[in-house]
Each structure stands twice: as C-alpha cells, then as structure tokens.
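See structure below.
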Amino acid sequence: MRWFIPLLITVSLARTDDIRIDCYPEPDANEQKCKNRDCIWKSGDSLPGIPWCYMKPGVGYKQASKQDSKITLRKNNGPKNPWGADFREIYFKSSFIGKTLNVKIYAENRYEPPIPLPRQPTESSDELQ
C-alpha cells in the first residue's frame, strides 16, 4: 500500500503527455502550421493515430451545473481553442425518443438550422452501455 500513492501520482503525471487532441486534423500538417494555431508540435512518435500537432492541456469546458438532462459547460481558464472565438457557456442536452438517444450541444442565442429530426419512438433490442 505504501507504493500505491507514489505509483498513482507517477502514472497520472506520465499520462498527461499521452493525451493528445489533434489540433491539425487536415492533411499536410507541419510544425509551422501547428504553431500558427498556437498548438504543440512533437514529432517522432511512430505509433499510428498519435498526432504530432496537438492542443495544449486545458483547452475546453468544465461542467458548471446540471439540471435534469441539461448540463451547462463553462469555458475553463486554459488556452483558447485554435479555431476561433470561444463561447463563455455552452449547453449539452440529451433525451431518449424510444430507443433513440437525442443529443444536442448548443450555445444560447445562436441560429439553429431547421433540420427535421425523427421524433417517432423507435424499437430496438440493442441497449446503450
């Protein structure tokens, strides 16, 4: 048990470099294009699927509140996202229509395109885990 806490801390610290969100998913990424987006470039990883250009830690949102199936996410104090202006708050809402999971991620007072979504309950023997 004495070694468990130091091991847990070591593993946690080691994993921060392993978590990479691709900052340049388009083809032909290079160091200069990556740095133009204010992202981190680390070449040399030969494993497939590991991006060389990735976002700085702390980009994103944290849960501010939850009410029923609506979660309010507030921009954290980390770096800005590389693709434009950040919203101060965004919302995540989920609901089931029969066996269909309906997920909506949105910002207040933003245009919502009138896309017809199926609203009839569906039946399925599959279950979400």
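Under mature numbering (1 follows the signal peptide of the UniProt record, and there is no 0), residues -16 to -1, 1 to 113 are what the sequence shown spells out, in order.
Even glycine gets a Cβ: it sits at the ideal position worked out from N, Cα and C.
Keep in mind it's a predicted model, so treat the numbers as computed, not measured.
Quick one: residues in its chain with C-beta nearer than 8 Å to the C-beta of residue 22, no 5 flanking neighbours on either side, listed in chain order? Translated into positions along the sequence shown, residue 22 becomes position 38. Excluding residues within five positions, the ones whose Cβ falls inside 8 Å are 40, 63, 64 and 66.
Which ranges would you report for the beta strand (DSSP E) in the region 67 to 105 if only whole runs of at least 3 residues count? 73 to 81 and 84 to 90
Three-state secondary structure (DSSP) at residue 19? As a first step, residue 19 must be located in the sequence shown, where it is residue number 35. Of the three classes helix, strand and coil, the one that applies to residue 19 here is helix, per DSSP.
Below 6 Å CB to CB, which residues in the same chain sit around residue 89 once its five sequence neighbours on both sides are set aside? Taking the sequence shown and counting its residues from 1, one reaches residue 89 at position 105. Result list for residue 89: 76, in chain order.
Collapsed DSSP secondary structure at residue 110 in the structure displayed: To locate residue 110, count along the sequence shown from 1; it is residue 126. In the structure shown, residue 110 sits in coil (DSSP, three-state: anything other than H, G, I, E or B).
Below 8 Å CB to CB, which residues in the same chain sit around residue 70 once its five sequence neighbours on both sides are set aside? The sequence position of residue 70 within the sequence shown is 86, counting from 1. Excluding positions up to five away in sequence, the list reads 59 and 64.
Please go through the same chain and pick out, in chain order, the residues whose beta-carbon is closer than 8 Å to the beta-carbon of residue 105, but skip the five residues on each side of it. Here residue 105 is taken as the residue at index 121 of the sequence shown, counted from 1. Excluding positions up to five away in sequence, the list reads 81, 82, 83 and 84.
Going by other Cβ atoms of all chains shown within 10 Å of its Cβ, with 16 needed for buried, is residue 87 buried or exposed? By one-based count along the sequence shown, residue 87 stands at place 103. Counting Cβ neighbours within 10 Å, residue 87 comes out exposed, since fewer than 16 surround it.
Nearest-angstrom Cα distance between residue 16 and residue 72? In the sequence shown, residue 16 corresponds to position 32, counting from 1. In the sequence shown, residue 72 corresponds to position 88, counting from 1. The alpha-carbon atoms of residue 16 and residue 72 are separated by roughly 29 Å.
For residue 6, the three-state DSSP class (helix, strand or coil): Translated into positions along the sequence shown, residue 6 becomes position 22. Looking at residue 6 - three-state DSSP - the assignment turns out to be strand.
Quick one, which of 79, 97, 9 and 8 has its alpha-carbon nearest residue 52's? In the sequence shown, counting from the first residue as 1, residue 52 sits at position 68. Nearest C-alpha to residue 52: 79.
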